[in-house]
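When the letters of the sequence shown are read in order and numbered with this note's numbering, they come out as residues 71 to 366. All C-beta atoms, glycine included, are put in the ideal place defined by N, C-alpha and C.
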Amino acid sequence: MDATGGQSLYPLHRCKTLHLVRHAQGIHNVEAEKDHSAYLSHDLFDAHITPLGWKQVDNLRTHVQASGLSKRIDLVVVSPLLRTMQTAVGVFGGEAYTDGVSVPPPMVANTGISDHPAISSLNCPPFLTVELCRERLGVHPCDKRRSIREYRPLFPAIDFSLAKSDDDILWKPDIREKNEEVAARGMKFLNWLWTREEKEIAIVTHSGFLFHTLSAFGNECHPSVRSEICTQFANCELRSVVIVDRSLKSSASSTTNYPGKIPHGLDLPSDAATEKHPALQKAAPKEKKPSLLGKM
Numbered sequence: 071m072d073a074t075g076g077q078s079l080y081p082l083h084r085c086k087t088l089h090l091v092r093h094a095q096g097i098h099n100v101e102a103e104k105d106h107s108a109y110l111s112h113d114l115f116d117a118h119i120t121p122l123g124w125k126q127v128d129n130l131r132t133h134v135q136a137s138g139l140s141k142r143i144d145l146v147v148v149s150p151l152l153r154t155m156q157t158a159v160g161v162f163g164g165e166a167y168t169d170g171v172s173v174p175p176p177m178v179a180n181t182g183i184s185d186h187p188a189i190s191s192l193n194c195p196p197f198l199t200v201e202l203c204r205e206r207l208g209v210h211p212c213d214k215r216r217s218i219r220e221y222r223p224l225f226p227a228i229d230f231s232l233a234k235s236d237d238d239i240l241w242k243p244d245i246r247e248k249n250e251e252v253a254a255r256g257m258k259f260l261n262w263l264w265t266r267e268e269k270e271i272a273i274v275t276h277s278g279f280l281f282h283t284l285s286a287f288g289n290e291c292h293p294s295v296r297s298e299i300c301t302q303f304a305n306c307e308l309r310s311v312v313i314v315d316r317s318l319k320s321s322a323s324s325t326t327n328y329p330g331k332i333p334h335g336l337d338l339p340s341d342a343a344t345e346k347h348p349a350l351q352k353a354a355p356k357e358k359k360p361s362l363l364g365k366m
């Protein structure tokens, strides 16, 4: 019998669940809405999120906690820019920071020209910055990052160890990354994810990066599914997807499969037993008609 309805099965250990998040409203979003050329302004260098952006963060945080998602995430991967890190720790960080707690906070108070209090590291997943999931590179100062040495005091609990350079050597003032280059970088990023042991990962990144990366998928899907995957993200929007390792290049092994036969015993399925012992077919009793108890 063929499966119907377009359904398919795939081993769980060859899948990862990704929770994709675009950063909250940044000052560059506001200014570019008025005048698109504002993206060229150096006043918007490494744009921070707005007061409205912080409200968006709070609303998404409420949703993440109410849905139980906050308890399932193993790792938060974040683009190393001010607006994405603010969003990541605001949504997935611990409860309000408490004086006397010895663990460093993922964000100190008033980071990024804000009145936002410090955020606690208690009961939250680890945060790791990855350059591969940055916004489209070049020309726009809002997409240029600060030095890692400037970020570390602001985000003490975020792991910056994968940065290859303290200064931003990827952003060029006169060369804008092409769409296909962003998509290729996105594929490289997804391949990197397969090297991680974590199975449920939140990724806080940018609209351009998400759009060009996800547009490489969905061609084999129903149009309604493709529209869910490949449309632009709103500020602080979250979409959950599952990615599958169809190449079988991953060396991941299942942590939930169980081999059975412990302790070892005879367990030949009935159909297989009949094929192995043809005599059983002749000896098989004829089917009896059901009877009614109590009938004389």
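**Asked** Would you call the segment 138-148 and the segment 110-126 in contact, with 3 or more CB pairs under 8 Å?
**Response** no
**Prompt:** So does the segment 93-107 actually touch the segment 281-292, counting three or more Cβ pairs closer than 8 Å?
**Reply:** no
**Per-residue burial, Gly96 [other beta carbons within 10 Å of its own, 16 or more giving buried]** = buried
**Asked** According to DSSP, is Arg84 helix, strand or coil?
**Response** helix
**Message:** Judging by CA-CA distance, which residue of Arg219, Phe225, Asn249 is the nearest neighbour of Asp236?
**Reply:** Arg219
**Message:** Relative to the C-alpha of Leu198, which candidate in Asn180, Ile183, Asp229 has its C-alpha closest?
**Reply:** Asp229
**Asked** For Lys359, does the count of other Cβ atoms within 10 angstroms reach 16, so buried, or fall short, so exposed?
**Response** No answer about Lys359 holds up, because its pLDDT of 45 lies below 50 and its placement is not dependable.
**Message:** Taking 8 Å as the cut-off, does the segment 138-157 touch the segment 212-226 (at least 3 CB pairs, one atom from each stretch)?
**Reply:** yes
**Request:** For Arg92, name the three-state secondary structure that DSSP assigns.
**Result:** strand
**Prompt:** How is the alpha helix (DSSP H) around Ala102 delimited, first residue to last?
**Reply:** 97-104
**Item:** Neighbourhood of Leu224 by C-beta distance below 7 Å, restricted to the same chain and skipping five residues each side
**Value:** Met177, Val178, Thr181
**alpha helix (DSSP H) runs wholly inside the segment 198-268, at least 4 long, in chain order** = 218-224, 249-263
**Message:** Taking the alpha helix (DSSP H) that Ser78 belongs to, which residues open and close that run?
**Reply:** Run containing Ser78: none; DSSP gives neither H nor E here.
**Prompt:** Where Lys248 and Thr87 are concerned, what is the direct C-alpha to C-alpha distance, given to the nearest angstrom?
**Reply:** 28 Å
**Prompt:** Can you tell me where the alpha helix (DSSP H) with Val134 in it begins and where it stops?
**Reply:** 121-136
**Proximity to Leu413 [Cα-Cα], best of Val312, Asn99, Pro243, Gly160** = The structure shown has nothing for residue 413, since the chain only spans 71 to 366.
**Environment of Pro175 [buried if 16+ CB atoms lie within 10 Å]** = buried
**Message:** Which residue wins for smallest C-alpha separation from Asp185, given the options Leu122, Leu130, Ala254, His93?
**Reply:** Leu122
**Request:** Can you tell me the Cβ-Cβ gap for Asp116 and Ile271, rounded? I've got them flagged as a contact below 8 Å.
**Result:** The Cβ separation is near 24 Å, so there is no contact.
**Item:** From Phe281, Leu260, Ala233, Glu268, residue whose alpha carbon lies closest to that of Ala304
**Value:** Phe281
**Message:** Within the continuous alpha helix (DSSP H) that includes Gln273, where are the two ends?
**Reply:** Note on identity: in this sequence residue 273 is Ile, with Gln being the wrong assignment. No alpha helix (DSSP H) contains Ile273, which is instead part of the beta strand (DSSP E) from 270-275.
**Request:** Compute the Euclidean distance between the alpha carbons of Phe162 and Leu308, then round it to the nearest angstrom.
**Result:** 12 Å
**Request:** Less than 8 Å between the CB atoms is what I'm expecting for Leu379 and Leu207, so what's the real figure, rounded?
**Result:** Only positions 71 to 366 of the chain appear in the structure, and residue 379 is not among them; the question remains open.
**Prompt:** What's the gap between the Cα of Leu110 and the Cα of Asn327?
**Reply:** 53 Å
**Message:** Helix, strand or coil, according to DSSP, for Val159 in the structure here?
**Reply:** helix
**Item:** Rounded distance between the beta-carbons of Thr301 and Arg92, thought under 8 Å
**Value:** In fact, because the Cβ distance is near 12 Å, the residues do not count as touching under 8 Å.
**Request:** Provide the residue(s) that pair with Leu145 in DSSP beta bridges, ordered along the chain.
**Result:** Ile271
**Item:** Leu114 versus Asp315 - alpha carbon distance
**Value:** 39 Å
**Asked** Which one of Ser149, Ile183, Pro81 has the shortest CA to CA distance from Gly256?
**Response** Ser149
**Request:** Look up Arg309 in the DSSP assignment and say whether it is helix, strand or coil.
**Result:** strand
**Item:** Cβ neighbours of His112 in the same chain (closer than 8 Å, five flanking residues each side left out)
**Value:** Pro211
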